[in-house]
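The numbering of the sequence shown is our numbering, which starts it at 131 and goes up by one.
Even for Gly, the Cβ is constructed at its ideal location relative to N, Cα and C.
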Amino acid sequence: MSDFVVGLTGGIGSGKTTVADLFVAQGATLVDTDAIAHELTRPDGAAMPALLAAFGPSVADVHGALDRGSMRRRVFADPAARAQLEAILHPLIRQLSLERVRGAGSPYVILAVPLLVESGSYRERCDRVVVVDCPESIQIARVMARSGLAEPEVRAIMAAQASRQVRLAAADDVVLNEGSRDALLPQLRKLHQKYLRLSSEKAKANC
Ligand code: ADP
Numbered sequence: 131m132s133d134f135v136v137g138l139t140g141g142i143g144s145g146k147t148t149v150a151d152l153f154v155a156q157g158a159t160l161v162d163t164d165a166i167a168h169e170l171t172r173p174d175g176a177a178m179p180a181l182l183a184a185f186g187p188s189v190a191d192v193h194g195a196l197d198r199g200s201m202r203r204r205v206f207a208d209p210a211a212r213a214q215l216e217a218i219l220h221p222l223i224r225q226l227s228l229e230r231v232r233g234a235g236s237p238y239v240i241l242a243v244p245l246l247v248e249s250g251s252y253r254e255r256c257d258r259v260v261v262v263d264c265p266e267s268i269q270i271a272r273v274m275a276r277s278g279l280a281e282p283e284v285r286a287i288m289a290a291q292a293s294r295q296v297r298l299a300a301a302d303d304v305v306l307n308e309g310s311r312d313a314l315l316p317q318l319r320k321l322h323q324k325y326l327r328l329s330s331e332k333a334k335a336n337c
């Protein structure tokens, strides 16, 4: 069992997924709350019965998975629907992520949470917080290239997230992702060594 949890966060397009994959390549276990949300809303996902009961059959696509586009439009226009959606999904995501963190066999776990800084309950679970950071102009360019969204849409998503300053203020460690992917490697190697050391110190202190 792994007892050392590193929360990984960053704004949209900062490079969280890219950085998480590099931690995994070095041997860390990744527990990704976004991926868990997708699992829960697959056709046979554990959240689907409650979502169908709350919102009706139109929330599912032809395969029985959550129709994310339609749900997004609905909660955008209706705060009560958003609260209802979150009341169904968030406890399930928390429970499953906790189980996976507990079950991990690696010396430390990367717990990827896009809104970690905004969420007190995830922060409490983390021994450290690592923030993936880059200038906002790069975030916007990456998300536009990846998703085809227009700049105002990307800016609207960013406006709903913590600002770069607030996120950095919450960081114990920062991965700067403003250059090439290769520039990430030395930063990641250093952090990996640091987390191995800190997790082993914590394990000794708990003995
Ligand atoms: P997030 O998970 O934070 O939204 P991603 O890791 O998915 O960010 O990165 C956003 C996009 O930018 C992806 O298409 C990814 O391949 C690309 N990307 C991330 N880091 C770099 C980099 N250093 N150089 C070039 N492209 C990058």
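{"query": "Top-ranked residue by Cα proximity to GLU169, from VAL259, VAL273, LEU222", "result": "LEU222"}
{"query": "ALA167 to MET274 span [Cα, whole Å]", "result": "23 angstroms"}
{"query": "Backbone secondary structure at ARG327 - three-state DSSP", "result": "helix"}
{"query": "Cβ-Cβ separation, ARG172 to VAL247 (assumed contact under 8 angstroms), whole Å", "result": "That belief does not hold up - the Cβ atoms of VAL247 and ARG172 are roughly 28 angstroms apart, past 8 angstroms."}
{"query": "Expected contact under 8 angstroms - CB spacing of VAL304 and ASP263 to nearest Å", "result": "5 angstroms"}
{"query": "The region 240-255 in contact with the region 138-157 per 3-pair CB rule at 8 angstroms", "result": "yes"}
{"query": "Beta-carbon gap between LEU71 and LEU182 smaller than 7 angstroms", "result": "The chain is shown only over 131 to 337; residue 71 falls outside these bounds and no answer can be derived."}
{"query": "Check your reading: residues with Cβ closer than 6 angstroms to the ligand ADP heavy atoms", "result": "GLY140, ILE142, GLY143, SER144, GLY145, LYS146, THR147, THR148, ARG272, ARG276, ASN307, SER310, ARG311"}
{"query": "Supposed close pair VAL161, ARG230 - CB separation, criterion 8 angstroms", "result": "5 angstroms"}
{"query": "Cross-strand partners of ALA190 (DSSP beta bridge)", "result": "LEU196"}
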